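*Asks:*
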Amino acid sequence: MDTGSFAHQFAQQIVNGVSLGSIYALIALGYTMIYGIIKLINFAHGDIYMLGAYIGFVAITKAGLPFLPALIVSMIGAALAGIIIERIAYRPMRNAPRIAALITAIGVSFFLENGMILLVSPQPRTFPPVFAPTVYNIGGIVVNNQQILILVSALLLMLALTYIVNRTKAGKAMRAVSYDADAAKLMGIDTDRVISTTFALGSALAAAAGVLVGIYYNSIDPLMGMMPGIKAFIAAVVGGIGILPGAMLGGIIMGLVEAMVSGFFSSTYRDAAAFAILILILLYKPTGLLGKNVKEKV
Amino acid sequence: MKSLRQSLHKQDLLGLGLMVILFAVFYFLFDEEILDDYWETNVILILINIIMAVSLNLINGLTGQFSIGHAGFMAVGAYTSAIITVKLGMDFPIALIVATVSAAFLGFLIGMPTLRLNGDYLAIATLGLGEIIRIAILNIDYVGGASGFMGIPRLTTFPIAFWIMVFVVYFIKNFKNSADGRACLAIRENEIAAETMGINTTKYKVMAFTIGAGFAGTAGALFSHYYYIAHPASFTFMRSFDVLTMVVLGGLGSISGSISGAVLLTAISAALADYPEWRMVIYSIVLIVLMLNRPQGIFGNKELSLKMFQSIKLGGGSRGGTAQSE
Amino acid sequence: MAELLKVNNASMIFGGLRAVSNLTMQIDEGELIGLIGPNGAGKTTAFNMLTGVYEPSEGEITFNGQRINGKKPYQVTQMGIARTFQNIRLFSELSVLDNVKIAFNSQVRYGLVEAIGRFGRYFKEEETIEEKALALLKIFHLEKLRDETAKNLPYGEQRRLEIARALATSPKLLLLDEPAAGMNPQETKELMEMIRWIKKEFNLSILLIEHDMGLVMNVCQRIYVLEYGICIANGTPDEIKHNKRVIKAYLGEEVS
Chain A
401 MDTGSFAHQF AQQIVNGVSL GSIYALIALG YTMIYGIIKL INFAHGDIYM LGAYIGFVAI
461 TKAGLPFLPA LIVSMIGAAL AGIIIERIAY RPMRNAPRIA ALITAIGVSF FLENGMILLV
521 SPQPRTFPPV FAPTVYNIGG IVVNNQQILI LVSALLLMLA LTYIVNRTKA GKAMRAVSYD
581 ADAAKLMGID TDRVISTTFA LGSALAAAAG VLVGIYYNSI DPLMGMMPGI KAFIAAVVGG
641 IGILPGAMLG GIIMGLVEAM VSGFFSSTYR DAAAFAILIL ILLYKPTGLL GKNVKEKV
Chain B
92 MKSLRQSLHK QDLLGLGLMV ILFAVFYFLF DEEILDDYWE TNVILILINI IMAVSLNLIN
152 GLTGQFSIGH AGFMAVGAYT SAIITVKLGM DFPIALIVAT VSAAFLGFLI GMPTLRLNGD
212 YLAIATLGLG EIIRIAILNI DYVGGASGFM GIPRLTTFPI AFWIMVFVVY FIKNFKNSAD
272 GRACLAIREN EIAAETMGIN TTKYKVMAFT IGAGFAGTAG ALFSHYYYIA HPASFTFMRS
332 FDVLTMVVLG GLGSISGSIS GAVLLTAISA ALADYPEWRM VIYSIVLIVL MLNRPQGIFG
392 NKELSLKMFQ SIKLGGGSRG GTAQSE
Chain C
91 MAELLKVNNA SMIFGGLRAV SNLTMQIDEG ELIGLIGPNG AGKTTAFNML TGVYEPSEGE
151 ITFNGQRING KKPYQVTQMG IARTFQNIRL FSELSVLDNV KIAFNSQVRY GLVEAIGRFG
211 RYFKEEETIE EKALALLKIF HLEKLRDETA KNLPYGEQRR LEIARALATS PKLLLLDEPA
271 AGMNPQETKE LMEMIRWIKK EFNLSILLIE HDMGLVMNVC QRIYVLEYGI CIANGTPDEI
331 KHNKRVIKAY LGEEVS
């Protein structure tokens with residue numbers, strides 16, 4: 401086998417994998433933050449990502465906004481949607497049995513998907529090119545400027561989030577509530593507000609991912625959030641659900657694996673590969689790569 | 092003072108009597124074509140869904156294990172039975188047995204390693220496994236792959252589906268009211284306490300999983316042999332979720348609940364079938380409203396007592412929750 | 091008296107923490123032994139080691155000559171050790187009667203097939219279990235509450251139910267984890283009588299974790315004292331009462 405071309409393919413897939421992984425990481429962060437704070441698997445999160453893509457689409461095509469303002473509008477819109485959803489559908493379920501809360505989340509997901517289908521038709525829409533696509537050829541490896549945009553945007557957003565969570569008062573409150581909500585309440589923290597903030601931040605990141613994906617693949621549709629949503633969720637589990645750096649790590653891993661499987665085997669198995677990773681991590685390290693083992697007190 | 096044998100026998104016979112009457116009525120209506128094919132299709136679908144819901148309830152409701160990939164077991168049953176009848180030319184009863192056993196076996200294999208996970212982790216593991224099964228089938232050409240397995244003879248009839256449903260319901264009902272059933276309930280309530288009271292929790296969790304999966308396989312066989320085709324698209328997470336909703340709607344742990352949930356949701360789905368765009372939106376809104384207002388479902392974890400008018404205390408107290416009239 | 095339980099230099103190490111360190115303990119048939127110590131001393135951890143919930147990191151535990159190390163909790167229970175929990179672990183949504191019935195499961199003589207088909211030994215066994223369960227409830231004055239949902243019981247009754255349930259497993263050694271917690275002096279006195287009575291009536295040994303010194307000193311023949319996972323003293327109530335190290339560990343706890 402020509403090792404030169406193998407190494408070349410490999411490097412190419414790494415590039416693809418990292419930019420894909422950045423998308424998964426952005427979405428995974430929302431999953432992990434929400435699970436960390438209210439122990440709910442927000443099945444509707446992937447659809448927030450879809451919502452963000454559509455808001456960005458409207459901002460660019462109807463309001464003629466350039467990239468950055470459109471991105472911000474989309475993030476704000478999705479943040480609002482996240483806050484509303486939490487308020488209406490999840491807050492009343494805080495003390496309900498877990499399985500009922502899960503079903504509610506799934507119900508919200510279906511509502512968003514099918515509502516969107518009703519609203520804009522199931523046909524995919526073409527996302528207008530925001531930047532003239534330029535392709536760089538670095539030593540035989542193809543990188544286009546949109547991949548760089550994704551990588552850079554994702555990095556900046558993740559840095560911003562890390563700053564917020566670790567250096568601000570709001571972030572401190574978020575961490576407190578995720579450790580022990582009752583204790584946080586006793587300390588005078590408005591847990592409802594903190595939870596809303598968490599939803600807002602997570603949704604904003606997902607929306608950003610949606611816009612970036614729209615730009616990269618040029619196409620959006622109402623069901624675009626299903627598969628990425630599940631894969632991002634798996635990413636969050638792989639990294640350690642509830643752990644922010646874990647979501648980022650998990651995202652990159654999922655992206656790399658998917659790129660490798662697509663590049664070296666066949667793309668029909670890339671979805672199966674994601675689930676296989678899920679099963680493996682659940683069997684061998686269910687708390688995730690960066691997770692700790694917490695035994696139930698007897 | 093009635094003996095346990097007498098009171099349970101009386102209850103069982105009454106129930107069976109009711110079933111015979113129900114069967115006779117519907118059989119007559121179908122035979123005389125008073126109810127047409129549309130009705131027959133939906134009634135059989137209801138019967139299949141009852142089997143799915145009651146078998147899932149055994150895992151989720153009785154034993155408290157969070158399993159949301161039930162469609163995968165249904166798929167295994169649907170396909171293996173089709174292989175038996177179409178590829179190997181054998182009879183339907185054999186196909187049904189093979190479907191049940193193979194699905195049960197898969198449930199056993201899956202049950203063993205995953206049951207040390209709990210709560211949410213088990214949920215996503217079962218979700219993932221359901222998807223893996225579907226994707227695997229999608230890629231197996233021997234059973235038709237992405238085009239599906241076609242040319243399956245319609246061997247499922249109303250009588251067959253009906254009496255299999257009755258068998259499954261009685262099986263699980265009797266399981267619930269036995270020592271093994273109580274062990275499962277104990278595991279649901281407090282696994283550590285159950286273990287400390289001498290119950291081999293792993294054995295029972297695997298048992299519930301295996302039996303539940305097996306009957307899902309039976310439902311799958313009935314399904315594929317009614318619709319002439321088995322297709323991976325019929326066994327997505329959407330179906331798992333549908334069955335889960337039936338169970339939760341009826342009340343986790345309540346067999347009467349699962350039956351009611353299956354009937355109600357299948358009926359609602361059929362009623363909305365004429366408005367496909369709105370169907371899912373309405374469905375999801377109804378679901379959310381339901382969860383917000385009555386998360387414990389219609390029956391909670393109690394059963395519909397056949398003796399609502401008399402207060403006969405029966406063995407297996409967890410069953411006779413509404414023995415007294417209000 | 092025959093030796094029943096032997097704990098030989100057993101330790102429980104979590105990461106870097108030695109929750110229980112080199113514990114040596116012996117309980118003979120018919121003894122009523124106390125296990126006391128400040129909060130966090132490792133008492134419940136010791137219980138967990140004795141019931142198979144934790145596998146000892148070091149050392150050996152034997153019961154009736156058989157090794158407990160590595161056995162799963164349900165196996166240990168079947169060997170003859172039963173327990174109650176510090177934070178009551180009842181089967182909340184099930185009835186009082188069912189809670190006790192479940193504990194009789196290992197004595198059931200019919201299999202799955204007979205249960206499903208409702209033939210053979212099913213009816214006889216179900217009746218027997220119901221009778222046995224009711225008999226136990228009667229002893230603890232709970233038989234009128236038989237169909238009540240467990241979580242609806244008042245606190246004191248929940249504790250009694252937990253003890254009744256543990257006894258259903260026919261243990262030779264009963265571990266009680268703070269059975270008097272949350273009880274008033276009157277209830278505690280009644281509990282004291284009940285514990286003495288249980289030991290005699292059911293012919294078993296009891297190991298008792300308690301903070302109520304009155305109860306412990308009055309009822310136990312011997313007492314082990316734990317502090318930070320280490321056994322700092324063991325002896326008769328009188329010896330313990332006057333042990334300087336014990337007194338210091340409790341920081342001046344009044345002992346009557």
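Residue numbers (our numbering), protein chains in the order written: chain A, 401 to 698; chain B, 92 to 417; chain C, 91 to 346. Note that the Cβ used here is the ideal one computed from N, Cα and C, for glycine as well. Values in this document were obtained by computation on a predicted structure and should not be read as measured data.
How would you label L601/A, buried or exposed, when you count the other beta carbons within 10 angstroms and need 16 or more for buried?
*Replies:* Counting C-beta atoms within 10 angstroms of its own C-beta, L601/A has 16 or more neighbours from the protein chains shown and is therefore classed as buried.
*Asks:* Measure the alpha-carbon distance for A659/A versus G614/A and round it to whole angstroms.
*Replies:* 19 Å
*Asks:* Looking at G342/B: is its Cβ nearer than 8 Å to the Cβ of I389/B?
*Replies:* Yes; because the gap between Cβ atoms is below 8 Å, this pair is in contact.
*Asks:* So what's C321/C in DSSP terms, helix, strand or just coil?
*Replies:* strand
*Asks:* Anything in chain C within Cβ reach of N209/B, meaning under 8 Å, just list it in chain order.
*Replies:* Those do not exist, as N209/B stays about 15 Å from chain C at its closest Cβ, beyond 8 Å.
*Asks:* Check G124/C in the structure and name its three-state DSSP category.
*Replies:* strand
*Asks:* Leaving out five residues on either side along the sequence, give the residues of the same chain with a beta carbon under 6 Å from the beta carbon of M433/A.
*Replies:* T598 and G602
*Asks:* Would you list, in sequence order, the uninterrupted alpha helix (DSSP H) runs of no fewer than 4 residues that lie entirely inside the segment 263-326 of chain C?
*Replies:* 275-291 and 303-309
*Asks:* If we require 3 or more residues per run, which beta strand (DSSP E) segments fall completely within the segment 455-539 of chain A?
*Replies:* 535-538
*Asks:* With respect to the alpha helix (DSSP H) encompassing V380/B, which residues constitute its N-terminal and C-terminal limits?
*Replies:* First-last of the alpha helix (DSSP H) with V380/B: P367 to N384.
*Asks:* Kindly give me the distance between the Cβ atoms of F258/B and V134/B, rounded to whole angstroms, as I take these residues to be in contact under 8 Å.
*Replies:* F258/B to V134/B, Cβ: 17 Å. No contact.
*Asks:* Put T597/A into one of helix, strand or coil per three-state DSSP.
*Replies:* Here DSSP, grouped into helix, strand and coil, assigns T597/A to helix.
*Asks:* Using a C-beta cutoff of 8 Å, does K685/A count as contacting chain B?
*Replies:* no
*Asks:* Which of the three DSSP states, helix, strand or coil, is assigned to Q156/C?
*Replies:* In the structure shown, Q156/C sits in a strand (DSSP, three-state: E or B).
*Asks:* Expressed to the nearest angstrom, what Euclidean distance is found between the alpha-carbon atoms of T217/B and V637/A?
*Replies:* 14 Å
*Asks:* Does the Cβ-Cβ distance between V701/A and I634/A come in under 8 Å?
*Replies:* Past the edges of chain A, shown from 401 to 698, lies residue 701/A, and the structure says nothing about it.
*Asks:* Taking C-beta to C-beta, are G289/B and Y144/C nearer than 8 Å?
*Replies:* no
*Asks:* Give a yes or no on whether the C-beta atoms belonging to I382/A and Y435/A are separated by under 8 Å.
*Replies:* Since the first and last residues shown for chain A are 401 and 698, residue 382/A lies out of range.
*Asks:* What does A172/C pair with, by DSSP beta-bridge criteria?
*Replies:* L264/C
*Asks:* Look up M401/A in the DSSP assignment and say whether it is helix, strand or coil.
*Replies:* With a pLDDT of 43 at M401/A, under the threshold of 50, the modelled position of that residue is not reliable, and the figure given next carries that caveat. Three-state DSSP puts M401/A in coil, outside helix and strand.
*Asks:* Compare the Cα-Cα distances from V380/B to each of I506/A, F665/A, A672/A and G610/A and report the closest residue.
*Replies:* Ranking I506/A, F665/A, A672/A and G610/A by Cα distance to V380/B puts I506/A first.
*Asks:* For Q412/A, write down the residues that DSSP places opposite it in a beta bridge.
*Replies:* Its beta-bridge partners do not exist; DSSP assigns none.
*Asks:* If you check the beta carbons only, do A169/B and G311/B fall under 8 Å apart?
*Replies:* In this structure, A169/B lies near G311/B, with their beta-carbon atoms less than 8 Å apart.
*Asks:* Is it the case that the Cβ atoms of A246/C and E283/C are separated by a distance below 8 Å?
*Replies:* Ala is not the amino acid found at residue 246/C; the sequence shown has Gly there. Cβ atoms of G246/C and E283/C: not closer than 8 Å.
*Asks:* If you compare alpha carbons, which of L113/B, L187/B and M298/B is closest to M200/B?
*Replies:* Before going on, a small fix: residue 200/B reads as Leu here, not Met. The shortest C-alpha separation from L200/B is found at M298/B.
*Asks:* Quick check on E417/B: does DSSP put it in helix, strand or coil?
*Replies:* For E417/B, the predicted model reports a pLDDT of 24, less than 50, meaning its position is unreliable and no value from the coordinates is stated.
*Asks:* Using a C-beta to C-beta distance shorter than 7 Å, which residues of chain C count as neighbours of R96/B?
*Replies:* F213
*Asks:* Please list, in chain order, the chain C residues whose beta carbon lies closer than 7 Å to that of E280/B.
*Replies:* F181, S182, E183 and L184
*Asks:* If distances are taken between C-alpha atoms only, which option among G456/A, G646/A, R491/A and Y684/A comes closest to G430/A?
*Replies:* G646/A
*Asks:* In chain B, which residues lie with their C-beta within 7 Å of the C-beta of F675/A?
*Replies:* G219, E222 and I223
*Asks:* Could you check if P628/A is buried or exposed, using at least 16 other CB atoms within 10 Å of its CB as the buried criterion?
*Replies:* Buried: at least 16 other Cβ atoms inside 10 Å.
*Asks:* Can you name the start and end residues of the alpha helix (DSSP H) that E347/C belongs to?
*Replies:* Since the first and last residues shown for chain C are 91 and 346, residue 347/C lies out of range.
*Asks:* How would you call F119/B, buried or exposed, if buried means at least 16 neighbouring beta carbons within 10 angstroms?
*Replies:* exposed
*Asks:* M337/B and L356/B: beta carbons closer than 8 Å?
*Replies:* Note that the C-beta distance between M337/B and L356/B is below 8 Å.
*Asks:* Taking the alpha-carbon of G106/C as reference, which of E317/C, S147/C, N308/C and L122/C has the nearest alpha-carbon?
*Replies:* S147/C
*Asks:* Is there at least one Cβ from chain B nearer than 8 Å to P128/C's Cβ?
*Replies:* no
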